[in-house]
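Asks: Just so we're aligned: 139 in numbering that gives the first Met the number 0 is position 140 of the sequence shown, and the numbers increase by one with no gaps anywhere.
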Amino acid sequence: MPVNPSHLGVLQIEPTDVCNLACAMCAPHAEAWEHVHGVPKGTLDVDLHARIVRTLADEGCRFDHVIYQWLGDPSVHPQLERLLADAGRALAGRVGYLRVDTNGVLLGPSRLERLLATRAPDVPLLVVLSLDATSPETYRRVKGRDAYALATRHARHLLALRARHAPGVHLQFQFVVQRANAHEAGAFLRYWSDAVRCHGHGHGHAEILFKRLSVGGGAEGQAAADVLYEHTLASHGITPIEGEHLSVRTWEQRPWLLDDGDGVADRAPAHVCPGPWMTPVIRHDGMLQACCSDLGGTHALGSLREHAFLDLWNGERARALRRTLLAGARPGACAGCGGIAWYTLPEDAGERVPTG
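(1) Pair every Cβ in the segment 5 to 25 with every Cβ in the segment 40 to 54, then say whether three or more of these pairs are closer than 8 Å.
(2) Does the beta-carbon of Arg316 have 16 or more other beta-carbons within 10 angstroms, so that it is buried, or is it exposed?
(3) Using a Cβ distance threshold of 8 Å, determine whether the segment 199 to 210 contacts the segment 148 to 156, with at least three qualifying pairs required.
(4) Using only the alpha-carbon positions, how far apart do Glu30 and Cys22 sit?
(5) Is Ser129 helix, strand or coil by DSSP?
(6) From Cys18, Ala332, Arg53, pick the residue whose C-alpha is nearest to that of Arg304; which is it?
(7) So for His6, helix, strand or coil by DSSP?
(8) Whose C-alpha, out of Arg282, Tyr138, Ser246, Asp63, is nearest the C-alpha of Gly301?
(9) Enumerate in chain order the residues of its own chain whose CB-to-CB distance from Arg155 is below 8 Å, with the five nearest sequence positions on each side excluded.
(10) Am I right that Leu188 and Val247 are in contact with their C-beta atoms under 8 Å? What's the rounded C-beta distance?
(11) Can you give me the Cβ contacts of Glu219 inside the same chain, cut-off strictly under 8 Å, excluding the 5 residues immediately before and after it?
(12) Below 8 Å on the Cβ atoms is my guess for Lys142 versus Phe174; work out the distance and round it to an integer in Å.
(13) Taking Cβ positions, are Ala89 and Ala49 nearer each other than 9 Å?
(14) Excluding the five sequence neighbours on either side, which residues of its own chain have a C-beta within less than 7 Å of the C-beta of Val122, listed in chain order?
(15) Counting C-beta neighbours from all protein chains within 10 Å, is the total for Asp46 16 or more, i.e. buried, or is it exposed?
(16) Nearest by alpha-carbon distance to Leu324: which of Ala307, Phe308, Ala289, Gly295 is it?
(17) Count the other CB atoms within 10 Å of the CB of Asp347; is the residue buried (16 or more) or exposed (fewer)?
(18) Less than 9 Å separating the beta-carbons of Ala332 and Ser292?
(19) Since I believe Val65 is in contact with Trp10 (beta carbons under 8 Å), could you give me their beta-carbon distance rounded to a whole number of angstroms?
(20) Between Glu183 and His76, what straight-line distance do the alpha-carbon atoms span, to the nearest angstrom?
(21) So, helix, strand or coil for Val35, using DSSP?
(22) Quick one: residues in its chain with C-beta nearer than 6 Å to the C-beta of Tyr190, no 5 flanking neighbours on either side, listed in chain order?
(23) Tell me the rounded alpha-carbon separation between Pro120 and Ala165.
(24) Determine the contact status of Thr297 and Pro330, defining contact as a CB-CB distance below 9 Å.
(25) Short of 6 Å in beta carbon distance, which residues of its chain neighbour Leu128, apart from the five on each side in sequence? Order them along the chain.
(26) Let me confirm a value: Gly167 is counted as buried when at least 16 other C-beta atoms fall within 10 Å, else exposed. Which label applies?
(27) Apart from the five residues just before and just after Gly358, which ones in its own chain have a Cβ nearer than 6 Å to its Cβ?
(28) Identify which residue in Asp310, Leu124, Val176, Leu294 has its Cα closest to the Cα of Ala84.
(29) Given this structure, state the Cα-to-Cα distance separating Leu106 from Gly338, to the nearest angstrom.
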């Protein structure tokens, strides 16, 4: 079921929009776009990031959690460890946990040691390992590079480190179901279930997530991807399991409120999209955007180099966008999007769009 995060929603911070793989599911990198957001590719300045997270704390901002990833792999950032450490120190007590989504290829043993040694222990850390395969051949088709052995070795090393001395570190092994890997879903479940048992439980939780493929805001192919997902889970007997140390999770809801399976040409949201209320994104250049589905920045709210977060998130540009959505219009990137379905619109949505 869709969820409703607390406080200001889920903040995404983009360490970089550069990626070391070319996953078939990710058009900007599979197609080698020169620009992902319409601005030069780059990495987040560590001093700017430190100032942003301190300002968030000073403003009293609270988020359900903070995700370090958007359109690149965060491990490409040479100082990812410092970003996480600075955020943990500044936002302790203000976020449920920090989350890093990564393919793990660049997180070798020494770097994993540094990451765990420097993190702020008062804030839990969830490391999401996007692996998507159990064989080199399938990995190459899905991820676009020959890096299966490295990614798997690093993931297992992280399991071992966590079991020894990393309280508060939780792991997720992620499998995005698509045509090229659907046949390996059952093997993925068995492999990582065995790996967790082999390395011990440590002080944190581990989960295996089978995720729906998201196709361009609900574009052509989304309905077929959902059918494949449901058929794959059923044929492999994969169901959600809640365990004390290991859980299996599935994505019950569709990614988008409407998609090509609804027969609506412009895929207008059936309900108001919660994105501009629940999914603020800080781009690698410090730009604050209103939604994680707006790659091109049509709903950019302003730069955090010059403005404080709340001045922008509660500012007139953000309020105008929310009023427009509540009135049934679909400006900018919203016109071609089905509306995100993994969160629900806050009950006080209308109260967050005053005209004054």
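Glycine included, every Cβ here is placed at the ideal spot set by N, Cα and C. Here the structure is a predicted model, which means the values were calculated and not measured.
Replies: This is what the structure gives:
(1) yes
(2) exposed
(3) no
(4) 9 Å
(5) strand
(6) Arg53
(7) strand
(8) Arg282
(9) Ala194, His198
(10) 7 Å
(11) Asp259
(12) That pair is no contact at about 12 Å.
(13) yes
(14) Gly87, Leu90, Ala91, Val94, Tyr96, Leu97
(15) exposed
(16) Ala289
(17) exposed
(18) yes
(19) This sequence places Leu at residue 10; Trp is not what is there. Confirmed, Cβ separation roughly 5 Å.
(20) 31 Å
(21) coil
(22) Thr133
(23) 9 Å
(24) yes
(25) Gly103, Ala154, Phe172
(26) buried
(27) Any question about residue 358 goes unanswered here, given that the chain covers just 0 to 355.
(28) Leu124
(29) 34 Å
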